[in-house]
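Notes follow the structure.
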Amino acid sequence: MNIHEFQAKQLLARAGVVVPNGKVASTPPEARAAARELFDGGAQRVVVKAQIHAGGRGKGTFTNGLAGGVKVCSSLDEACARAEAMLGQVLVTRQTGPGGRLVSKVLIEAAWPIQLEFYLAVLLDRSTSLPLLMASTEGGVEIEEVAAHTPEKIFKVAVDPALGLMPYQARDLAVALGLRGDLIAAAARLFQGVYRCWWEADAALVEINPLGLVTALDGKARLMVIDAKVSLEDNGLFRHEDLQNLRDLAEESPIETEASHHDLNYIKLEGNIACLVNGAGLAMATMDIIKHYGGNPANFLDVGGGATKEQVTAAFKIILKDPNVRAILVNIFGGIMDCDVIAQGIVAAVKETDLTLPLVVRLEGNNVEAGNLTLAASGLTIIRGRSMAEAAQQVVAAVAA
Amino acid sequence: MAILVQPDTKVLIQGITGSFGARHAKLSLDYGTRVVAGVTPGKGGQRFEDQVPIFDTVAQAVRETGATASAIFVPPSFAADAILEGVAAGLELVVCVTEGIPVADMIKIKRALRGGPTRLIGPNCPGVVTPGDGPGSRGGCRLGIAPGYIHKRGHIGVVSRSGTLTYEAVWQLTCQGAGQSTCVGIGGDPVHGLSHLEVLKLFNDDPETHGVIMIGEIGGTAEEEAAAWLRQNARKPVVGFIAGATAPPGRRMGHAGAIISGGKGTAAAKIAALREAGVAVAETPAVMAETLLKRL
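Same order as they appear, the protein sequences are chains A and B. In terms of the numbering used here, the first sequence opens at residue 1 and continues consecutively. In terms of the numbering used here, the second sequence opens at residue 1 and continues consecutively.
Here you go:
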């Protein structure tokens, strides 16, 4: 689950990481109050940041023509004008797709002159099954780019989960980044806080990019979390009721959310052949075989290992909400699940949705004979695939026809 | 010999009185698996299906029955504890079916398993089947949730991150008359017990296994690591299939571990690594068995 930048910074603050002074605002008056407080507190400049779940905000464009979802402002009036221009508008970035995202909140923070930009992240290293702290002197750019072109500028520290990030490891990293003097201890404290935030929130990723070395009001150099991204691991959410409340459904696809209410795992894709499959691996493989025979899958849909008749009906309704769909492929390997239950679900769903699109069904496994009889007795026009390959070819042909 | 479990392996079920655990304990008993004990804290002294004794702790169950392998069917919030209880009781094999265990719990478990004798399969996996000689392969050892009847005793090993895709491969083999030595579903989570590579090593050393189907999917680099090892060490034909060639980057495809992130973990990279190592890759999931059988 992704959360907003302002929420990420609240989680970091809770773990003891110093984040910029600031407030989130949903209306222009709230924005004015937040900016005034910062200027009154001595800030020379503030930054207004559109809050959406997508990267590339700074270089994004609003559909009303305004450029940039992140703006540094030197006066109260400028900050207010910027906030007002962003709120309620749709921001398109390289990560949002052409539809963009509605900005319903802006974060207003104190801004400082930035001397250097670092990259910092905590994530799981799958190859070692250990938490990994990753930092780079090349902040403010995509870490994938750094990894591809200057991998020597990325420093990694594996963390023993029983010990947590040790102070010496954090200091090593600070020194590797070129920090000296008092900044070493400050960076080490920050790294430990960021690691604690990752671990305690059951996060999948905590990323600070950039981590800025800024000139504070007193003229001293200080480390500051300029931008922060946190994704929470879905499997860990059950033990964090407070974090569950951070979900912003406006940022999620309504159709995928609806699918999750039926315990269905649905992901919309760009093609026109819908698929309904049991099991994640088989669902991916079904998409692949459609592509192999020249078609394009419209979605990933896993109905799970123990699908019921109601779930199959719900799955059909969800599939049909995608206007691109021209045909449906049902691919079920009923290991323990009863193929006849699935067949009854298919028949009920076809009748309930008045399906007119070509439907190809491949059923295999437990009680498949009864399932076949149910489909045959229904009087419905259903193309029967005897194997996965045949079914995939049939559905691709149906779309081409 | 098969790998990991044999038809005479004594099995216990953790969470035997829950609906999920009970259902699959019954299916394993019907399959002929030697389910010798169940464990549900607080229900010690009762019997499952009037025959299998239930214990309060895994340690008691192991002491009283000599069980050496366990299948875990408990909810995600209790699963880490259940795995470590099995490890502490000295089980040789723990199979965890549970889906939805937090990654942080699995990180701790991996750390605790290091250097110890217990092997973990899963979590979020269909489990392990060593088929038996009876009708519908009955008389075999079934730990987990795989359908027993699709198997047939024989000489092909199957290792996979996915449940239904494993059944698909097994069924293709069985329909073509090729039986299996052991079928292992290692699970779809990013942090899990035995890896593809560890299972491949066991198959490589198992005289009863003559060829292997290895099914991977997007996410992580476990398939690449297995490929690198196979290039030097494979003593028998291995055929690969990688699911998710059409999966979009950055989206989790059902399994917690099936995600392309930062450009890493693509199907294309895995397929290339396998081919480079001399492993034949099935063009589609429909020809996994056929691709292997042609090479035997």
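No residue lacks a Cβ here, since even glycine has one placed at the ideal position from N, Cα and C.
- Task: Note down, in chain order, all residues in the segment 101-124 of chain A with a beta-carbon under 7 angstroms from any beta-carbon belonging to chain B.
- Result: 124
- Item | Alpha carbon of residue 75 of chain A to alpha carbon of residue 38 of chain A, nearest angstrom | 11 angstroms
- Query: Does the beta carbon of residue 138 of chain B sit closer than 8 angstroms to a beta carbon anywhere in chain A?
  - Reply: It does not; no Cβ of chain A falls within 8 angstroms.
- Relative to chain A, which residues along the segment 220-247 of chain B have a C-beta separation below 9 angstroms, given in chain order? 220, 221, 222, 225, 241, 242, 243, 244, 245, 246, 247
- Message: With a threshold of 7 angstroms on Cβ separation, who are the neighbours of residue 350 of chain A within its own chain once the five nearest residues in sequence on each side are excluded?
- Response: Only 359, 380 meet the Cβ criterion.
- For the beta strand (DSSP E) that contains residue 208 of chain A, what are its first and last residues? 203-215
- Starting from residue 119 of chain B, find everything on chain A with Cβ-Cβ shorter than 8 angstroms and list it in chain order. What residue 119 of chain B touches in chain A: nothing, since even the nearest Cβ is about 15 angstroms away.
- Check the Cβ of residue 366 of chain A against every Cβ in chain B and list those closer than 7 angstroms, keeping chain order. 147
- By DSSP, does residue 207 of chain B sit in helix, in strand, or in coil? coil
- In chain order, what residues of the same chain have a beta carbon less than 6 angstroms from the beta carbon of residue 294 of chain A, not counting five sequence neighbours either side? Hits under 6 angstroms: 396.
- Query: From which residue to which residue does the beta strand (DSSP E) around residue 363 of chain A run?
  - Reply: 359-365
- Message: Is it the case that the segment 95-105 of chain A contacts the segment 132-151 of chain A, given that we only count it when at least three CB pairs across the two stretches are under 8 angstroms?
- Response: Under the three-pair Cβ rule at 8 angstroms, the segment 132-151 of chain A does not count as touching the segment 95-105 of chain A.
- Message: So the candidates are A:131, A:355, A:307; which of them puts its Cα closest to the Cα of residue 328 of chain A?
- Response: A:355
- Message: Any heavy atom of the ligand SAM inside 7 angstroms of the beta-carbon of residue 187 of chain A?
- Response: You won't find the ligand SAM in this model; it holds no ligand whatsoever.
- Query: Which residues does DSSP pair with residue 96 of chain B in a beta bridge?
  - Reply: Residue 96 of chain B pairs with B:72.
- Message: Would you say residue 274 of chain A lies against chain B (beta-carbon separation less than 8 angstroms)?
- Response: no
- Would you list the one or two residues that DSSP bridges to residue 55 of chain B? B:39
- With distances taken between CB atoms, is the gap from residue 143 of chain B to residue 5 of chain B smaller than 8 angstroms? yes
- Query: Taking Cβ positions only, does residue 239 of chain A come closer than 8 angstroms to chain B?
  - Reply: yes
- Grouping DSSP H, G and I as helix and E and B as strand, with all else coil, what is residue 424 of chain A? Because chain A here runs from 1 to 401, residue 424 of chain A falls outside it and cannot be looked at.
- Backbone CA spacing between residue 337 of chain A and residue 22 of chain A [nearest angstrom]: 54 angstroms
- Check each candidate in B:103, B:84, B:18 and name the one with the smallest Cα separation from residue 191 of chain B. Comparing Cα positions, the closest option is B:103.
- Query: What did DSSP end up calling residue 131 of chain A once you bin it into helix, strand or coil?
  - Reply: strand
- Would the beta-carbon of residue 287 of chain A fall within 8 angstroms of that of residue 286 of chain B? Result no, Cβ atoms of residue 287 of chain A and residue 286 of chain B do not sit closer than 8 angstroms.
- Measure from the alpha carbon of residue 206 of chain B to the alpha carbon of each residue in B:121, B:120, B:181, B:132, then state which is nearest. B:181
- Candidates A:331, A:366, A:368, A:310, of which the one nearest residue 353 of chain A by Cα: A:310
- Task: Could you tell me whether the segment 22-34 of chain A touches the segment 104-120 of chain A, where touching means 3 or more Cβ pairs closer than 8 angstroms?
- Result: yes
- Task: Just mark residue 183 of chain B as buried or exposed, buried being the case when its beta carbon has 16 or more other beta carbons within 10 Å.
- Result: Per the 10 Å Cβ criterion, buried.
- Message: Closer than 8 angstroms between beta carbons: that is the criterion. Which residues of the segment 96-119 of chain B meet it against chain A?
- Response: 100, 101, 102, 103, 104, 106, 107, 108, 110, 111
- Span separating the alpha-carbon of residue 275 of chain B from that of residue 227 of chain A: 41 angstroms
- For residue 301 of chain B, collect the residues of the same chain with a Cβ closer than 8 angstroms to its Cβ; drop the 5 residues on either side in sequence, then sort them by chain order. Since the first residue shown for chain B is 1 and the last is 296, residue 301 of chain B is missing from the structure and cannot be characterised.
- Would you call residue 299 of chain B buried or exposed, if buried means 16 or more other Cβ atoms sit within 10 Å of its Cβ? Residue 299 of chain B lies beyond the range of chain B shown here (1 to 296); nothing can be said about it.
- Would you kindly work out how many angstroms separate the C-alpha atoms of residue 183 of chain A and residue 105 of chain B, rounded to a whole number? 34 angstroms
- Message: Taking the alpha-carbon of residue 12 of chain B as reference, which of B:50, B:46, B:68 has the nearest alpha-carbon?
- Response: B:68
- Item | Same chain only: Cβ atoms within 7 angstroms of residue 28 of chain A, ignoring 5 sequence neighbours per side | 80, 83, 84, 87
- Write down every uninterrupted run of the beta strand (DSSP E) in the segment 230-266 of chain B whose length is 3 residues or greater and which is fully enclosed by it, in chain order. 238-243
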